[in-house]
Structures are given as structure tokens and as C-alpha cells.
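Student: Here's a structure for you.
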Amino acid sequence: MKFGGTSVRSPEARMRAALRVISAKEQGFFPVVVVSAIGRTGEPYATDTLIGMLNDIDPNVRPDQREMDLLMACGEILSSVIFAHTLKTLGHTSMSMRGGQAGIRTDGVYGNARILGVNPLGLFEVIKRGHIPVVCGFQGVWTQGGLPGAELTTLGRGGSDTTASAVGAALGAAAVEIYTDVDGIKTADPDFVPDAPTLSRVTYDEVAELAYLGARVVHPRAAEIAMRYNVPLWVKNTFTDHPGTEVVPRESFPGRRVTGVSHTGKLVHVQFDLDAVKVAHKTQFQARVYEMLAKEGTNLHMIDLSPGSIGFAVPRSQFPAMEDLFDGLVVPITEGGSSLYVVQRRDKPTRAAETQTRLLQSLGDPVAVPYVVTEGTTMVSLVGHEYMQQPGVFQDVLAILHSNRVPVTQVSDSDFSLSCLVPESELRTAVVSLHDRFVKQGA
Amino acid sequence: MPKPDERKSARAPLRQDVSDRVADSRGAGETEFEKPRGVKWVEIKSGLTRAFVYDLPEPVTDSRLEVLSKVRSAGVSIDFVKFGQGAMSFVAAEADQPALEAALKGTSAEVEGGCCVVIVHAVNMQDEEGLVAKIVSEVIASGEGVDHIGDMHDRVLLVASQKTGERLVKKLEKTFGKEGSE
């Protein structure tokens, strides 16, 4: 049973969560609890608040990821101790356990570690002694670091969900229950569609695609582990008796359906105009651009590749770093005739780009490669199961958005989804209109 | 594997005698949980047709909707739709090529069979920052012309001609390693 930040944020919330654990025990089960840090962004013990304590010392000095991991893990440690004590006050002995004590072994990538294995021996011992284990989510240990003792690592986004799935799989649990503050997985963001229904069942693939396209549901890594080890996964509300959403394998829930409408956060669309790049250099130029994006760790959406241009959307949060990387960047290409290309933003070439161009003139005639930036965009997606293969789905989606005056800059699709790049200002209209048409009226 | 209904009703975490489980776990090694990072494997799916529709009159959105309406009326399912300036392109099953050609008659369009989609599998791609860009850079660096790139949570999809696709699979397997299908 995993409890997220909102389920442990206050004494009242923790009491509700603890009573759920006790209820499971009284029904004859051996519950194992996984907890997130207390509260959400901005709250005193939330992970972001802890990170802020380091960043606030000097925003110009980036903290080491190893140190960040140690600090961030404190949030879950605090939460697990408080939760275990809450259970004790209710008459049930409990023991808080760090990720390493629960047997979670990871690789050595601080801040985004992958679970390599879970040895559940410690957990079984604790259960055998009659305690309810309360495991810190989001963390594990790396034992190959060459440093004395095991190195603490954190699991990155969705880490506590991943902990719950991994522990559940290692224990051979009959179910993993993820508790949150909504009734289960919704067909749309309730902030936009307050009456969005809760899905009673959904497949692992649908969950993974929803999450990939921005929905705040179970993390795909958790779904992947549960799928692999055939552990039934549930998403439930700590605060209501709604039965929740069951996540099942694809073969258990066949059929054509619309799962829901999801949306990403803020995106920036970037389009490089390659008209000025020699034909013989285009491939090399494109490869360099993507190679740099890969090195920078930029996440891309809506990739559009054509001989005359390169287009993609990047998360708004990653755009400043991307622009720092490209603005004034000199790309020398020597194969097929030598040329120097200087990348610059079309609407406002910066001093850096102009200076680079001037300095390079002694070496030849630098060629400006402009890129166009469209800020304030976002991606809205229709997610479905065996639905996108139907004739006319594209037309329906575009027609609905067009009739609601939502301009669509670009589209992309996959087996499970159809996504449209739209202005951020039109996001609510886009979500509501697609939800009305495909979910409320029925697909 | 238990049936879904059985599993649903069998909500019994750790019902088994704990002592037995402790004894069991002492003998058992760790189990690998998360799949390795990066590209897992590459595969090719053949039998596709590409359509490129150009010189779409203004307003382009209306023109695109008109094209999609014709395709729908022909009962053709399409994928990998992409917008260009005054143009659009998409992919359909090769078996639908005659219906597609008939639907697009009178439109400035090129329909070409013998295409494929190369699928690069990489679990939880978005968590591996820069992985999609790395795959794309390797595709471009391979020198093989790709018509379209799509993505979903666990794969990058590349549309190309059949021959290009076959070469691309070999090159990507060489770059990322070949683990075979699952």
C-alpha cells in the first residue's frame, strides 16, 4: 500500500491512511506500506522544499547530485518514521525502513537510479516479528560505489510508485495499491473537466501512454514492473471509499475504446530553417543538432524531420538551456566543401550570435541558420485502445478543434494516441471539447 | 497466470506463511526489476503506403479536413499524419493503396507503396533525458532518409521506404546493440 504526499501531509490524512492499513491487517493480510515525502511543492518537508534549501545557498552553484539524493531522501525518511509511529499510536507495531534496509538495490545513477534488484529478506523478517514495515519510497542503495557503506540513491520521477511495485513484486504480493487524493485514473484532468469519470479498468499500456503524454497517473515505471511480474495494480483514493482503478494486462481488457484526454505542461516549439544549409551538409547539420540535444538531455516532442527544416517541441523548463546551447552556436562542416554555420534566433538575433558571425568572417563567409521559436504551446492528446486505427479519427479530432477555434500547429500519433500541438491559451477549450466529443458522447 | 477476476478477488498480500517465505527468500537471488536504460531492440513492420498531399489551398485547415474527409469516406485508416507548409502527409496500409489513390484523385498528391515503419524500442524513454534526441541523431547520422518520426512511451517510430528501413535496422542494431525481440 503506497501513500503519496497528499495522503501523508497532515495528521488527519495520515490517520485515514493508517486506518486503511489497519483495516487490511484486520482482514488477515500482511500489509507493507510505502510512503512518499510529506506534502507537495511548497510545503515544509516536500522534496522540492528540501532541494530549495541547497539551491538557496547560492543559486549559481549547482549542488552535487549525490548530496541532493541524501537530502531528498530525508523527506521519505521523515514521512516513514511519522507514519510508523502513527500506526503505533493506534496499537499496531510498525517499523520504518530505508530503501536499502528494504533490500532495494539500484544502479549508481544519482537522482535517476534504476532498481536492479530487491531482496525482500529484511521485509519478511520484520513481518515475521509482527511489525508492519513502512518503507521509504523513492530511494535505494548502490553498493558498487567504491565508497565505504552503500551509497544512497533516489529513483527519479515517480520513484515512490516504482518502489511500491518493485517491493510488491519481490514479496509476491497479490496486489499493489497506490493511494492518492483522487478516486483513481480519470478520463481528463479534473481541473479542466471537474466531472471527468474515473476509469474502473485500464491496461498497463494505456497508463504508460497517459503518463507519457502528461497525465498525472501511476508512473510508467511502476506499471512496467507490475506488468512484468503480473502484480495487480490499483489506484485508489485515501479519503473516499470509491473502488478505484485497476490496472491490468492488455489481454485482460481487450476492445476498442477511448481512454481519455491528456495534456502536457508548457512547451516551446522550435523550427530550424535549413534553406541556407548546403544540400551536401544538411544531414550532418541535422545530426549535429540532435546530437547536442541528446547531450544536453533535452526531451523532445512532435519531432518533424524534412529536408528543409527541423522541428520539435521542448518542455518550457528546458528551453533556456536549449537556447543557451544553440544561440550563436558555430557548426563547422568540412565534408563536401567547407562551411561555417552560425545558428541564431530569427526574430531576435542576439549579440552573441552577431559577434560570432563577425569574428568568423576572417575565416570565410559564415552562413546564418535561423530558428523560429513559438512559445506558449502545449500538447493535447486523445488516448485510446485499438481506437486510433479507425478511419476518420484524425478528421474528427481536427474538426472538433477547428470548430472550437483551436489552431493546431502540428500533430503526431502512435498506436495508443493522437496528439495536437495547440496554443497554451486554448488548452482548456481543447481538453474540454475533445473530452465532450470522445468521452461524454461516447467514441 | 491467474485470470483477472480471480486476481481481483484474491486480494491477499502475503497470506502465505511468513516463515516459509523467509526461508524461500534466503535461497533466492535478486530479481532484475527495471529494464536496462536506452534502446532495447529494433524491429521493422512492412506493408505500408505513403501519401503526400501538397499545394493545399487556403485556408489550409479546411483543405486538410477535406482531404481527411475523402480518406475517411474511402474507409482508409491512416497513421503518422504530418503537416507541412500547404501540405500534409500520412501513411496507410498497402492493401488500402488503390482506395487511397481513388480518394485522392483530383488532389495534388503522390501515393507510394513499399514503405515500412522501423520501431526502436526503449522503455520509459522520457525518463532518460535526451534519449529520443540521441536516437534521432543516430538515425540522421546513418544517412538513411526517413520520412517521418513518431514516438510513444516505449518506442520511436520511423517511416521509410522498405529498403531504407531494412538498412536502418541493421545500422541501429549495430549502434545500440541487438538484443532481439521480446
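Here the protein sequences line up with chains A and B, keeping their order. The opening residue of the first sequence carries number 660 in my numbering; numbering runs sequentially from there. The opening residue of the second sequence carries number 177 in my numbering; numbering runs sequentially from there. Just so you know, even glycine gets a beta-carbon here, dropped at the ideal spot from N, CA and C.
(1) What residues from the region 1057-1078 of chain A come within 7 Å of chain B, judged by C-beta to C-beta, listed N to C?
(2) Do you know offhand how far TYR769(A)'s Cα is from GLY758(A)'s?
(3) Kindly indicate if chain B contains any beta-carbon less than 8 Å away from that of TYR838(A).
(4) Would you mind reading off the limits of the beta strand (DSSP E) that contains LEU224(B)?
(5) Specify the secondary structure class of LYS258(B) as computed by DSSP and reduced to three states.
(6) Rounded to whole angstroms, what is the Cα-Cα separation between THR942(A) and SER965(A)?
(7) Might you give, ordered along the chain, the residues of its own chain that have their beta carbon closer than 8 Å to the beta carbon of ILE681(A), omitting 5 neighbours on each side?
(8) Can you give me the C-alpha to C-alpha distance between PRO690(A) and VAL299(B), rounded to a whole angstrom?
(9) Can you check whether the C-beta of VAL953(A) is within less than 8 Å of a C-beta belonging to chain B?
(10) Who are the neighbours of TYR949(A) on chain B, taking C-beta pairs under 8 Å?
(11) Using 8 Å as the threshold, is the region 1017-1025 of chain A in touch with the region 893-909 of chain A, meaning 3 or more CB pairs across them?
(12) Taking 8 Å as the CB-CB limit, is PRO879(A) close to chain B?
(13) Going by DSSP in three states, HIS878(A) sits in which element: helix, strand or coil?
(14) In the DSSP assignment, the alpha helix (DSSP H) including TYR949(A) goes from what residue to what residue?
(15) To the nearest whole angstrom, what separates the beta carbons of PRO974(A) and LEU926(A), a pair I think is in contact under 8 Å?
(16) Taking only runs that begin and end inside the region 818-890 of chain A, name each unbroken alpha helix (DSSP H) of 4 or more residues, in chain order.
(17) Report yes or no: is there a C-beta of chain B within less than 8 Å of the C-beta of SER965(A)?
(18) Between GLU883(A) and chain B, is there a C-beta pair that is closer than 8 Å?
(19) Determine, using beta carbons only, whether ALA253(B) and GLN1054(A) come nearer to each other than 8 Å.
(20) Do ALA1027(A) and THR1014(A) count as a contact pair if the criterion is CB distance below 8 Å?
(21) Can you find a CB in chain A that lies within less than 8 Å of the CB of THR225(B)?
(22) PRO902(A) to LYS661(A), Cα distance in whole Å?
(23) Less than 7 Å between C-beta atoms, sequence neighbours within five positions excluded: which residues of the same chain meet that for VAL243(B)?
(24) Compare the Cα-Cα distances from VAL236(B) to each of PRO1082(A), ASP1072(A), LEU1093(A) and ALA1058(A) and report the closest residue.
(25) Can you look up GLU286(B) in the DSSP assignment and give me helix, strand or coil?
(26) Give me the DSSP bridge partner(s) of ALA1027(A).
(27) Go ahead and label VAL938(A) buried or exposed: buried means 16 or more other beta carbons lie within 10 angstroms of its beta carbon, across all protein chains shown.
(28) Nearest-angstrom Cα distance between SER185(B) and LEU1077(A)?
(29) Does the distance from the CB of GLY781(A) to the CB of ARG248(B) come in under 8 Å?
(30) Using a beta-carbon distance below 8 Å, is LEU959(A) in contact with chain B?
(31) Among ALA946(A), HIS744(A), LYS1007(A) and LEU869(A), which has the Cα closest to the Cα of MET1038(A)?
(32) Roughly how many angstroms separate the alpha carbons of ALA268(B) and GLU342(B), rounded to a whole number?
(33) When you compare the CB of LEU280(B) with every CB in chain A, is at least one pair closer than 8 Å?
(34) For ILE697(A), which of helix, strand or coil comes out of DSSP?
(35) So with CB distances below 7 Å, who are the chain A contacts of ILE325(B)?
(36) Tell me which same chain residues have a C-beta within less than 6 Å of the C-beta of LYS895(A), skipping the five on either side of it?
Tutor: With the given structure in hand:
(1) LEU1057, ALA1058, HIS1061, GLN1069, VAL1070, SER1071, ASP1072, SER1073, ASP1074, PHE1075 and SER1076
(2) Stepping through the first sequence from its first residue, residue 769(A) is reached at position 110. Stepping through the first sequence from its first residue, residue 758(A) is reached at position 99. Each residue's alpha carbon lies about 14 Å from the other.
(3) Here residue 838(A) refers to the residue found at position 179 of the first sequence. False, the Cβ-Cβ gap to chain B never drops below 8 Å.
(4) Taking the second sequence and counting its residues from 1, one reaches residue 224(B) at position 48. That run of the beta strand (DSSP E) goes 217-229.
(5) Numbered from its first residue, the second sequence carries residue 258(B) at position 82. If DSSP states are grouped into helix, strand and coil, LYS258(B) belongs with the strands.
(6) Mapped onto the first sequence, residue 942(A) falls at position 283. Mapped onto the first sequence, residue 965(A) falls at position 306. Roughly 10 Å separates the two Cα atoms.
(7) Reading the first sequence from its first residue, position 22 is the one you call residue 681(A). If we look at ILE681(A) and ignore the five residues flanking it on each side, its Cβ neighbours are LEU746, LEU749 and HIS751.
(8) The residue given as residue 690(A) occupies position 31 in the first sequence. The residue given as residue 299(B) occupies position 123 in the second sequence. Roughly 30 Å separates the two Cα atoms.
(9) Taking the first residue of the first sequence as 1, we reach residue 953(A) at position 294. What sits at residue 953(A) in the sequence shown is Ala, not Val. Yes, its Cβ sits closer than 8 Å to a Cβ of chain B.
(10) By one-based count along the first sequence, residue 949(A) stands at place 290. Here the neighbours are ALA309, LYS310, VAL312, SER313 and ILE316.
(11) no
(12) Counting from one through the first sequence, the residue named residue 879(A) turns up at place 220. Chain B, which has a Cβ nearer than 8 Å to the Cβ of PRO879(A), makes this yes.
(13) If you number the first sequence from 1, residue 878(A) lands on position 219. The answer is coil: DSSP assigns HIS878(A) none of H, G, I, E or B.
(14) Counting from one through the first sequence, the residue named residue 949(A) turns up at place 290. Per DSSP, TYR949(A) belongs to the alpha helix (DSSP H) from 938-955.
(15) For the purposes of this step, residue 974(A) is taken as the residue at position 315 of the first sequence. For the purposes of this step, residue 926(A) is taken as the residue at position 267 of the first sequence. Rounded, the Cβ-Cβ distance is 6 Å, consistent with contact.
(16) 818-830, 863-871 and 879-887
(17) Position 306 of the first sequence, counted from the first residue, corresponds to residue 965(A). At a cut-off of 8 Å between C-beta atoms, SER965(A) counts as an interface residue with respect to chain B.
(18) Sequence index remark: in the first sequence, residue 883(A) carries index 224 (1-based). Yes, GLU883(A) lies at the interface with chain B (some Cβ there is under 8 Å from its Cβ).
(19) Reading the second sequence from its first residue, position 77 is the one you call residue 253(B). Reading the first sequence from its first residue, position 395 is the one you call residue 1054(A). Before going further, note that residue 253(B) is Ser rather than Ala in the sequence given. Cβ distance not < 8 Å, so SER253(B) and GLN1054(A) don't count as in contact.
(20) Position 355 of the first sequence holds residue 1014(A). Position 368 of the first sequence holds residue 1027(A). In this structure, ALA1027(A) does not lie closer than 8 Å to THR1014(A) by Cβ.
(21) What you label residue 225(B) is simply residue 49 of the second sequence in a count that begins at 1. No, THR225(B) does not count as interfacial toward chain A.
(22) The residue given as residue 902(A) occupies position 243 in the first sequence. The residue given as residue 661(A) occupies position 2 in the first sequence. Approximately 16 Å between the Cα atoms of the pair.
(23) For the purposes of this step, residue 243(B) is taken as residue 67 along the second sequence, with counting starting at 1. Counting only Cβ-Cβ distances below 7 Å, and skipping sequence neighbours, we find VAL229, MET264 and THR283.
(24) Within the second sequence, residue 236(B) is the residue found at index 60, counting from 1. The option with the nearest alpha carbon to VAL236(B) is ALA1058(A).
(25) On the second sequence, residue 286(B) is found 110 positions in, with the first residue counted as 1. In this structure, GLU286(B) counts as strand in the three-state DSSP scheme.
(26) Position 368 of the first sequence holds residue 1027(A). Residue pairing by DSSP puts ALA1027(A) in a beta bridge opposite VAL1001(A).
(27) Residue mapping note: residue 938(A) aligns to position 279 of the first sequence, counting from 1. With fewer than 16 other CB atoms across the displayed protein chains lying within 10 angstroms of its CB, VAL938(A) is exposed.
(28) The residue labelled residue 185(B) in the question sits at position 9 within the second sequence. The residue labelled residue 1077(A) in the question sits at position 418 within the first sequence. Summary for SER185(B): the model assigns pLDDT 38, below 50, so the residue's position carries little reliability; its value from the coordinates is reported in the next sentence. Distance between the alpha carbons of SER185(B) and LEU1077(A): 35 Å.
(29) Within the first sequence, numbered from 1, the residue matching residue 781(A) stands at position 122. Within the second sequence, numbered from 1, the residue matching residue 248(B) stands at position 72. Cβ atoms of GLY781(A) and ARG248(B): not closer than 8 Å.
(30) The residue labelled residue 959(A) in the question sits at position 300 within the first sequence. Interface annotation, LEU959(A): in contact with chain B, CB-CB separation under 8 Å.
(31) Stepping through the first sequence from its first residue, residue 1038(A) is reached at position 379. Shortest Cα-Cα distance from MET1038(A) to any of ALA946(A), HIS744(A), LYS1007(A) and LEU869(A) involves LEU869(A).
(32) The residue given as residue 268(B) occupies position 92 in the second sequence. The residue given as residue 342(B) occupies position 166 in the second sequence. The alpha-carbon atoms of ALA268(B) and GLU342(B) are separated by roughly 19 Å.
(33) Position 104 of the second sequence, counted from the first residue, corresponds to residue 280(B). No, LEU280(B) lies away from the interface with chain A (no Cβ there is under 8 Å from its Cβ).
(34) The residue given as residue 697(A) occupies position 38 in the first sequence. Note: ILE697(A) maps to coil in three-state DSSP.
(35) Taking the first residue of the second sequence as 1, we reach residue 325(B) at position 149. Ordered by position in chain A, the residues that pass the 7 Å Cβ test against ILE325(B) are ILE962 and LEU964.
(36) The residue labelled residue 895(A) in the question sits at position 236 within the first sequence. If we look at LYS895(A) and ignore the five residues flanking it on each side, its Cβ neighbours are GLU836, TYR838 and GLY903.
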